[in-house]
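Colleague: The structure's right below; bear with me while I get my questions together.
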């Protein structure tokens, strides 16, 4: 196990270098010159040059690349060009709000989708299966924007159950009223595709020989489905959930924007609007590294769930 | 899960709230809830350029001068200075006396002592704008204008260190409360720069204590201080307990609604509102619903939703009126315009619309006359703007409301003009140059939805007169760069007043400002001569006449087509009193109050 983990960690290095090259290349190719944006309404060429010098974008590419590499290896990603805030602090401080929404959202949507997936797989071909699948297809084809607007209108404005938007800086229980609706939106959005996917996982499993054997041995249907099938379905479900996690951090910007949650997704969007390269590159790298680590963790969890899995 | 909750509280630990010294019980506090539609960048006056940061800064810092709250057009009055500046006969020396007894807010940088405001603080603050390290977006307010200051900047660029202790001939403090500014050229309108909200006094001790993090530690002499700050999310201001005694007063005015404001506010101690809570809400839907639920008390960023609450004539719809919601509707001190690059070449290629020969001017005029401004106002702006004819917008000194442009919408005349100058149509219906070569216009815009609507309108307008149009899509920062290099042929642009003086707008067409703010790269000897004369005159009839001649000259050359100025519709809850949108002041809440007796009548959603 240890040698496997070490080997995988060594494999990180070329992957991270590849990502760094990609980020660096994309920024310099399509990123535009931030100096003009930062210079304000009226600026002269000397001021533009001064800004470029301070940002380091007047340096030859190999020097800029060297600075980038140093930043990655020292963990000091510099400061935001727009606000002067330290990038590492910026990312760290936005992580809490993002996870506060994402973790319950992921837990709830996975739990509910697993239950529904199991239900429709069990009743496959019957009306329950058909109706739930139709609902899933319809639900999946509706844009997340529609869910946000409608749920915000109904639950915050018409019913006034939750605040329209906001965040409790104090954290803790004060956050609950602000979290319920964004979590609900996230769950509703992911429920349809997850249920369809998990149904397919269940369908694959219940046709296997061990299920027939278990039933032939006289096990109850609950034990067959809820224990034996469920355990085997966990592996693809785990893969699906874990792979989603890093992407969701930066990808939940719509929920964060509409509900004014000071999370990472919203910050990334802001950084793109401001051509704030230090923030963009830091978040891109952090998400990439998180993806690699999550993949490793997923592999280790496979073995924990199913001891027959060999890590090579 | 526990970790997640713990993480949520982390930001607060990093940005601890300043303990409030206000003795008022929280339930008795008057709190005004506002929203920003875009995130602020920070609160160091020398480092910001965005509107939202400036709003907060203007509540914390004090410029030397300010504007009367009700007077229109904007009228300068003293703020922390005892009187308006004494200006020398040649318009080059400004002398001001600062009121004594004004102190900065509490901060550890002052080691527990009350720190009085001194003239040196303003000199230091002005120097910070030109310190290359601060890369201030508003350095242009002072660069090239103050005797001896540019030399200090050049030295700083060479040494990498700005010498704040070096004497500057144009920035003197003969005693702790007297300030003398000597200008390089005659300028009778420099007072507007001294009233600019970002030109407030910062204390050197504070800046040196917080260094690179000065943006998160604003300490001023203004009516409010920062209470809590969660970047890009929440900004909370509270009354500065050390703020000087200031009572509401305003110059007499003739506007009827002003009387109600005067009646509710006259003589009140300012600020009357204890706390300002600002939430950053990016989406209009969220801002609208939050206002309807009275989660926010005023809202002015609902341009795209205006048809929901306004009638076609711009009045508040009756359901909202019946709930007591108030509307303040005014035209922003801004202009939108379509600029034409008048340079002969773009890069090393000939510019099809550039130059000042008659056929080229005729081509630009034809484009201007074919562009359907009314369509822009009705469809793209959803009726939330008015036609602009003059380069100086309403509310700004030098505006002429009676002026009408010679460039009116007339595609038939535009076609005739092009025919007359030999721009003949080919078999495909599109015109060519008089010499028969292909004529392709290039219009630049950003790849956002709003600009796509402008693209379509431009294409429709040009098709009407047989001009082939190609659309160049670029990121905003790239367009800024290309524009400053005179490499854009045509583009929509907008300018909002930095200060309410016509010069702030007329300088956009001054030849030597090419590469800076003159996006049309317009170089007219006649215009430049008139502009230079206008710079030496104070606001008044003589200068207005020059502005008129300059406008006619620009129109004759057709460097711009002025399109519109947007309305600002501010919605207020029934209990908010004293609001009137000022052309340039952004901190109206300093002059406002909350009427608790009306709070129960707030709209129940």
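Chains as they are written, first to last, in this note's numbering: chain B, 14 to 325; chain C, 1338 to 1942. Note that beta-carbon positions come from the ideal geometry of N, C-alpha and C, so glycine has one too.
Give me the DSSP bridge partner(s) of residue 1838 of chain C.
Modeller: C:1734
Colleague: Determine the extent of the alpha helix (DSSP H) in which residue 222 of chain B is found, giving its start and end residues.
Modeller: 222-229
Colleague: Label residue 1945 of chain C either buried or exposed according to how many other C-beta atoms from any shown protein chain fall within 10 Å of its C-beta, with 16 as the threshold for buried.
Modeller: The displayed coordinates of chain C run from 1338 to 1942. Any statement about residue 1945 of chain C would go beyond what the structure contains.
Colleague: Ignoring anything shorter than 4 residues, give me the alpha helix (DSSP H) runs that lie fully in the stretch 99-162 of chain B, in order along the chain.
Modeller: 100-135 and 140-153
Colleague: Mind checking which residues open and close the beta strand (DSSP E) that includes residue 1618 of chain C?
Modeller: Looking at the DSSP string, residue 1618 of chain C is not in any beta strand (DSSP E), and its letter there is neither H nor E.
Colleague: Identify, in the order they occur along the chain, each residue of the same chain with its Cβ nearer than 7 Å to the Cβ of residue 1443 of chain C, setting aside the five sequence neighbours on each side.
Modeller: 1579
Colleague: Any beta carbon of chain C sitting closer than 7 Å to that of residue 40 of chain B?
Modeller: no
Colleague: Unbroken alpha helix (DSSP H) runs of length 4 or more, entirely within the stretch 1681-1769 of chain C: which are they?
Modeller: List check, alpha helix (DSSP H) in window: 1695-1707 and 1748-1757.
Colleague: Can you give me the Cβ contacts of residue 1799 of chain C inside the same chain, cut-off strictly under 6 Å, excluding the 5 residues immediately before and after it?
Modeller: 1806, listed in sequence order.
Colleague: Relative to the alpha-carbon of residue 1431 of chain C, which residue among C:1915, C:1524, C:1764 and C:1812 has its alpha-carbon at the smallest distance?
Modeller: C:1524
Colleague: Which full runs of the beta strand (DSSP E) of 3+ residues lie inside the stretch 1555-1589 of chain C, going along the chain?
Modeller: Secondary structure within the stretch 1555-1589 of chain C: the beta strand (DSSP E) runs of 3 or more consecutive residues, fully enclosed, are 1561-1567 and 1571-1576 (chain order).
Colleague: Could you tell me whether any non-hydrogen atom of the ligand NAP is closer than 6 Å to the CB of residue 1682 of chain C?
Modeller: The ligand NAP is not part of the structure shown, which contains no ligands of any sort.
Colleague: Whole-angstrom Cβ separation of residue 1833 of chain C and residue 1670 of chain C, contact assumed at under 8 Å?
Modeller: 6 Å
Colleague: Classify residue 1855 of chain C as buried or exposed, calling it buried when 16 or more other Cβ atoms lie within 10 Å of its own Cβ.
Modeller: Counting the other Cβ atoms within 10 Å of the Cβ of residue 1855 of chain C gives 16 or more, which makes it buried.
Colleague: In this structure, does DSSP put residue 1878 of chain C in helix, strand or coil?
Modeller: helix
Colleague: Does any residue of chain C bring its CB to less than 7 Å from the CB of residue 53 of chain B?
Modeller: Yes, residue 53 of chain B counts as interfacial toward chain C.
Colleague: Taking the alpha helix (DSSP H) that residue 317 of chain B falls in, what are its first and last residues?
Modeller: 290-318
Colleague: Between residue 1817 of chain C and chain B, is the shortest Cβ-Cβ distance under 7 Å, so that the two count as touching?
Modeller: yes
Colleague: Note down, one range per segment and in chain order, each alpha helix (DSSP H) of at least 4 residues found wholly within the stretch 1481-1535 of chain C.
Modeller: 1486-1496 and 1528-1531
Colleague: Let me check understanding here. Comparing Cα to Cα, which of C:1909, C:1928 and C:1935 lies closest to residue 1406 of chain C?
Modeller: C:1928
Colleague: Against chain C, which members of the stretch 176-187 of chain B pass a CB distance test of less than 9 Å?
Modeller: 176, 177, 178, 179, 180, 181, 182, 183, 184, 185 and 186
Colleague: Spatial neighbours of residue 294 of chain B within its chain, please: CB distance less than 6 Å, with the 5 preceding and 5 following residues excluded, ordered by chain position.
Modeller: 36
Colleague: When you compare only the Cα positions, how much space is there between residue 1878 of chain C and residue 1885 of chain C?
Modeller: Cα to Cα, residue 1878 of chain C sits roughly 10 Å from residue 1885 of chain C.
Colleague: So, at 6 Å on beta carbons, what are the nonlocal neighbours of residue 1699 of chain C in its own chain, with the 5 sequence-adjacent residues on each side left out?
Modeller: 1754 and 1758
Colleague: Can you give me the C-alpha to C-alpha distance between residue 131 of chain B and residue 142 of chain B, rounded to a whole angstrom?
Modeller: A straight line joining the alpha-carbon of residue 131 of chain B with that of residue 142 of chain B spans about 10 Å.
Colleague: For residue 309 of chain B, which residues from the same chain have a beta carbon less than 6 Å from its beta carbon, with the 5 sequence-adjacent residues on both sides left out?
Modeller: 21
Colleague: Are the stretch 106-115 of chain B and the stretch 266-277 of chain B touching by the rule of at least three beta carbon pairs closer than 8 Å?
Modeller: yes
Colleague: Tell me, which residues are paired with residue 2 of chain B by DSSP?
Modeller: Because chain B here runs from 14 to 325, residue 2 of chain B falls outside it and cannot be looked at.
Colleague: So, with DSSP's three-state summary, where would you put residue 1915 of chain C?
Modeller: coil
Colleague: Against chain B, with Cβ distances strictly below 7 Å, would residue 1379 of chain C count as a contact?
Modeller: yes
Colleague: Tell whether a beta-carbon distance below 7 Å holds between residue 1510 of chain C and residue 1403 of chain C.
Modeller: no
Colleague: Mind listing the chain C neighbours of residue 46 of chain B? Cutoff is C-beta to C-beta under 9 Å, in chain order.
Modeller: 1814, 1815, 1817 and 1818
Colleague: Is the shortest distance between the beta-carbon of residue 299 of chain B and the beta-carbons of chain C less than 7 Å?
Modeller: no
Colleague: Per the DSSP calculation, residue 1845 of chain C is bridged to which residue(s)?
Modeller: Residue 1845 of chain C is not bridged to any residue.
Colleague: Quick one: what does DSSP say residue 244 of chain B is sitting in, helix, strand or coil?
Modeller: Reduced to three states, the DSSP call for residue 244 of chain B is helix.
Colleague: Would you mind working out which of C:1487, C:1458, C:1520 and C:1558 sits nearest residue 1512 of chain C, comparing C-alpha positions?
Modeller: Out of C:1487, C:1458, C:1520 and C:1558, C:1458 has the C-alpha closest to the C-alpha of residue 1512 of chain C.
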